[in-house]
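There are 6 protein chains.
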Amino acid sequence: MKVKVSRREHFNAAHRLHNPEWSAEVNEKIFGKCNNPNYHGHNYDLIVSLTGEPDPKTGYLFDLKVLSDIIKDNVLVKFDHKNLNLDTEYFKNLNPTAENIAVIIWRILRQKIDSHFELKITLYETERNFVEYPAS
Amino acid sequence: MKVKVSRREHFNAAHRLHNPEWSAEVNEKIFGKCNNPNYHGHNYDLIVSLTGEPDPKTGYLFDLKVLSDIIKDNVLVKFDHKNLNLDTEYFKNLNPTAENIAVIIWRILRQKIDSHFELKITLYETERNFVEYPAS
Amino acid sequence: MKVKVSRREHFNAAHRLHNPEWSAEVNEKIFGKCNNPNYHGHNYDLIVSLTGEPDPKTGYLFDLKVLSDIIKDNVLVKFDHKNLNLDTEYFKNLNPTAENIAVIIWRILRQKIDSHFELKITLYETERNFVEYPAS
Amino acid sequence: MKVKVSRREHFNAAHRLHNPEWSAEVNEKIFGKCNNPNYHGHNYDLIVSLTGEPDPKTGYLFDLKVLSDIIKDNVLVKFDHKNLNLDTEYFKNLNPTAENIAVIIWRILRQKIDSHFELKITLYETERNFVEYPAS
Amino acid sequence: MKVKVSRREHFNAAHRLHNPEWSAEVNEKIFGKCNNPNYHGHNYDLIVSLTGEPDPKTGYLFDLKVLSDIIKDNVLVKFDHKNLNLDTEYFKNLNPTAENIAVIIWRILRQKIDSHFELKITLYETERNFVEYPAS
Amino acid sequence: MKVKVSRREHFNAAHRLHNPEWSAEVNEKIFGKCNNPNYHGHNYDLIVSLTGEPDPKTGYLFDLKVLSDIIKDNVLVKFDHKNLNLDTEYFKNLNPTAENIAVIIWRILRQKIDSHFELKITLYETERNFVEYPAS
Chain A
5 MKVKVSRREH
15 FNAAHRLHNP
25 EWSAEVNEKI
35 FGKCNNPNYH
45 GHNYDLIVSL
55 TGEPDPKTGY
65 LFDLKVLSDI
75 IKDNVLVKFD
85 HKNLNLDTEY
95 FKNLNPTAEN
105 IAVIIWRILR
115 QKIDSHFELK
125 ITLYETERNF
135 VEYPAS
Chain B
5 MKVKVSRREH
15 FNAAHRLHNP
25 EWSAEVNEKI
35 FGKCNNPNYH
45 GHNYDLIVSL
55 TGEPDPKTGY
65 LFDLKVLSDI
75 IKDNVLVKFD
85 HKNLNLDTEY
95 FKNLNPTAEN
105 IAVIIWRILR
115 QKIDSHFELK
125 ITLYETERNF
135 VEYPAS
Chain C
5 MKVKVSRREH
15 FNAAHRLHNP
25 EWSAEVNEKI
35 FGKCNNPNYH
45 GHNYDLIVSL
55 TGEPDPKTGY
65 LFDLKVLSDI
75 IKDNVLVKFD
85 HKNLNLDTEY
95 FKNLNPTAEN
105 IAVIIWRILR
115 QKIDSHFELK
125 ITLYETERNF
135 VEYPAS
Chain D
5 MKVKVSRREH
15 FNAAHRLHNP
25 EWSAEVNEKI
35 FGKCNNPNYH
45 GHNYDLIVSL
55 TGEPDPKTGY
65 LFDLKVLSDI
75 IKDNVLVKFD
85 HKNLNLDTEY
95 FKNLNPTAEN
105 IAVIIWRILR
115 QKIDSHFELK
125 ITLYETERNF
135 VEYPAS
Chain E
5 MKVKVSRREH
15 FNAAHRLHNP
25 EWSAEVNEKI
35 FGKCNNPNYH
45 GHNYDLIVSL
55 TGEPDPKTGY
65 LFDLKVLSDI
75 IKDNVLVKFD
85 HKNLNLDTEY
95 FKNLNPTAEN
105 IAVIIWRILR
115 QKIDSHFELK
125 ITLYETERNF
135 VEYPAS
Chain F
5 MKVKVSRREH
15 FNAAHRLHNP
25 EWSAEVNEKI
35 FGKCNNPNYH
45 GHNYDLIVSL
55 TGEPDPKTGY
65 LFDLKVLSDI
75 IKDNVLVKFD
85 HKNLNLDTEY
95 FKNLNPTAEN
105 IAVIIWRILR
115 QKIDSHFELK
125 ITLYETERNF
135 VEYPAS
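Residue numbers (the numbering used here), protein chains in the order written: chain A, 5 to 140; chain B, 5 to 140; chain C, 5 to 140; chain D, 5 to 140; chain E, 5 to 140; chain F, 5 to 140.
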């Protein structure tokens, strides 16, 4: 049976939900307050989980201090204290919903984490709204 | 790979655990303090999770404001600030354990959420006791 | 300068807000959902704080294990898994609002804690609603 | 002795810390990542506390449902899902630090809450950074 | 479909991460501050989850008061307020990483919980670092 | 009216409560499980609060990034992942109760924070046990 280890980090960012193919009225109807043209923001809580077999010599599946550094160097440096729409390359043409942010973070980290570890992202946009990718 | 999105809501309710087919002694032995004839109560924390494919036009799997409204209109209106045994139709002949409350909420919401979304309920009765349905 | 030490406990109880001198309409208007005749309930989080001078021999202001036992033996035994209106002597003629519950707990514990310690009660009725007595 | 009651609400907003009298270099030096020209954002947790004497007829110091509505109608409607610098009148010429936001919220609510209640604001910008006004 | 029920407990313990087959330099390099020869410690939060079919007579999958007692009598009595390396039999020759502690707790409880319940352990070493066994 | 700002940090440490002037029996009676000769440990949550007048040019009472650095450089470097009894100078002859740890941290930081700010320490030893110094 495998073990899963998880590390929680956070970042603070501004964003706006908007589909440029739609009229202002449709955007307002679909995204409501999240469509505010001047942006709003969140304290995002990010949990990165790895699944696999622990190393018997260390007792670690993965050193969580190293995982924390990987997250900081590859995700937080790009997203923390940023405007997700304007300051990142990822959301120029992709709506920064929690679902899409989680998928993007998964893709970024998947390149940095050895493929024999399963990778999962959990992202809290608020205490009440959160997403997981992949779902299970 | 699929995405899971979750919305947390809460409700405050009174309940009593009791099996009318058993004697008072057996009820007291099985349910302990939870068998108090005058009821006790909890702040229930309810997490509703949906799994599926996000809509590429919105970036949403499901609009969580809409999900919140569905939960309020179909669950909270029936359970919040209620006596689960006396004020609801569901627990006239069913013990309002956390397990049974979670299953009932799943059945209520399953009728309101399009079937191509998987549905899962997590219910915290206290910070220390919680249930999930279905289990995985 | 003095030190304050605090111990957090919790209890689960049912209650109803109601003033018997008023009509059903006035009670409904004033107390809303909290006036439900069949009761509702909460997970109450209780913080008991003592202020004074630590004992130099122990380094303790007050042994928090002892404080926990005092709270359990004098408050939780009366309130946990109870109907505050029906099962306790305190709220026969006193409305069990969070304000009144906090004052009653203060009075109960004031008799059990040496008077050279200042005593303060903080009571969370929900994560969003809480009271303190005395206020400062 | 008086009682204090508190209500917790939250709002999500974008902001930027910047002093227009200073050069870009000084702003960057003083405010660091918080000076990002494209804004960043937070989930602000707001606690509003009132101190006074409970009404013996209700057992309430202040109906927290009413307090919640006052906060929503006077604060959240202006700040939630907004850019504090661009979308509000308050921070045109005032830096939206947590300190200043707390003072502004206190001033807004002070006009809406009867003066025989003491009023206090606690504002969490993140789980780790928070301010209180007035201090005691 | 099955139901999962979970009970949260906690214990406070000291530990040190160290592999006696390695030099002091390698231990310091691999385990960093966690290799401190005089130990450090944590408030461990332990969640024990059982999956199966509820009993229709009680509405319980498993009485969580009984589960709490099983955890206390078999795990907490051995680990709470202990030095995991020195005071327990389990970590004489096994590094007390969160991964290994979770596996050991699973093995201890597996013998005490009827095998028709699936058993899962979640162990928080800190708010930011946690492990699950088995992974799914 | 003044403003109070607070910064939360944490450290993980081992400790033992013991008075060398007492017999083993008295130590066991007074300190119970906390007297374990091999130590136990905690995740300490530390809140440092400063009170004063914000600077109108920045809108800050005190830059919380700077406060965080002061705490890390003067407190965490000494206490995090340490044995408080063996690895620090402060608790050679002083029992590392939460009360005493809070007073020591106050003394350390009082020398690093300008005296026109009032300084207060809140220290959580567990979620349920915490101390404040000074008390108000």
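All residues carry an ideal CB built from backbone N, CA and C; glycine is no exception.
Only HIS14, ASN16, ALA17, ALA18 and HIS19 from the segment 6-21 of chain D bring a Cβ to less than 8 angstroms from some Cβ of chain A. The alpha-carbon separation between CYS38/C and HIS85/B amounts to approximately 6 angstroms.
By the criterion of at least three beta-carbon pairs nearer than 8 angstroms, the segment 69-83 of chain F is in contact with the segment 97-116 of chain F. Exposed is the label assigned to LYS96/A, since fewer than 16 other Cβ atoms lie within 10 Å of its Cβ. Around LYS86/A, the beta-carbon contacts reaching into chain D at under 8 angstroms are ASN40, ASN42 and HIS44. The continuous alpha helix (DSSP H) containing GLU103/C extends over residues 102-114. Counting only runs of 3+ residues, the beta strand (DSSP E) found wholly inside the segment 6-37 of chain F occupies 7-19, in chain order. Residue-level contact by beta carbon holds for ALA139/F and chain C, with a gap shorter than 8 angstroms. If you look at SER119/A, you'll find it isn't in any beta strand (DSSP E); DSSP assigns it neither H nor E.
With a threshold of 8 angstroms between beta carbons, ASN23/B makes no contact with chain C. Minimum Cα-Cα distance from PHE15/C among the listed residues ILE117/C, VAL7/C and ALA102/C corresponds to ALA102/C.
Put simply, the CB of TYR128/C is far from chain F, with every gap to its CB atoms at 8 angstroms or more.
Near chain D, meaning a CB-to-CB distance below 8 angstroms, no residue of the segment 110-127 of chain C qualifies. Beta-bridge pairing by DSSP links LEU50/E to GLU13/E and LEU127/E. The C-alpha of LEU98/F is placed about 33 angstroms away from the C-alpha of PRO24/E.
At least one CB of chain C lies nearer than 8 angstroms to the CB of ILE34/F. Put simply, of ASN87/E, ASN42/E, HIS22/E and ILE51/E the residue whose alpha carbon is nearest the alpha carbon of ARG11/E is ILE51/E. Of the residues assessed, GLY36/F falls on the exposed side of the cut-off, its CB having fewer than 16 other CB atoms within 10 angstroms. In its chain, beyond the 5 residues on either side, LYS6, VAL7 and LEU65 have a beta carbon closer than 8 angstroms to the beta carbon of GLU57/E. In the same chain as PHE121/E, and ignoring 5 residues on each side of it, the C-beta atoms closer than 7 angstroms to its own belong to LEU54, THR55, GLY56 and PHE66, in chain order. Against chain B, the CB of ASN47/A has no partner CB under 8 angstroms away; the residue lies outside that interface.
Contact check for HIS46/B against THR130/B passes: the beta carbons are separated by less than 8 angstroms.
If you draw a straight line from the Cα of VAL70/B to the Cα of SER72/A, it is about 35 angstroms long.
Neighbours of LYS61/A across chain E, judged by C-beta separation under 7 angstroms: ASN23. Between LEU90/B and ASN78/C, the gap from beta carbon to beta carbon reaches 8 angstroms or more. Leaving aside the five residues that flank GLU32/C on each side, the residues in its chain whose CB is nearer than 8 angstroms to its CB run, in chain order, ASN39. From the beta-carbon of LYS37/F, the residues of chain E found nearer than 8 angstroms are ASP84 and HIS85. By the beta-carbon neighbour count (other beta carbons within 10 angstroms, threshold 16), LYS76/E is exposed. Looking at the DSSP output, HIS44/A sits in a beta bridge with HIS19/A.
About 18 angstroms separates the beta carbon of HIS44/D from that of ASN104/A, a gap too long to meet the 8 angstroms contact definition. Apart from sequence neighbours up to five positions away, the residues of its chain that approach GLU136/D with a beta-carbon distance below 6 angstroms are THR126, ordered along the chain. Of all residues in the segment 51-75 of chain B, the ones placed with a Cβ closer than 7 angstroms to any Cβ belonging to chain A are THR55, PRO58, LYS61, THR62, GLY63, TYR64, LEU65, LEU68 and LYS69, in chain order. If you check the CB distance, PRO138/A and LYS124/A come in under 8 angstroms. One Cα belongs to GLY63/D, the other to VAL107/D, and the distance between them is close to 30 angstroms.
In the displayed model, ASN87/F falls within a strand according to three-state DSSP.
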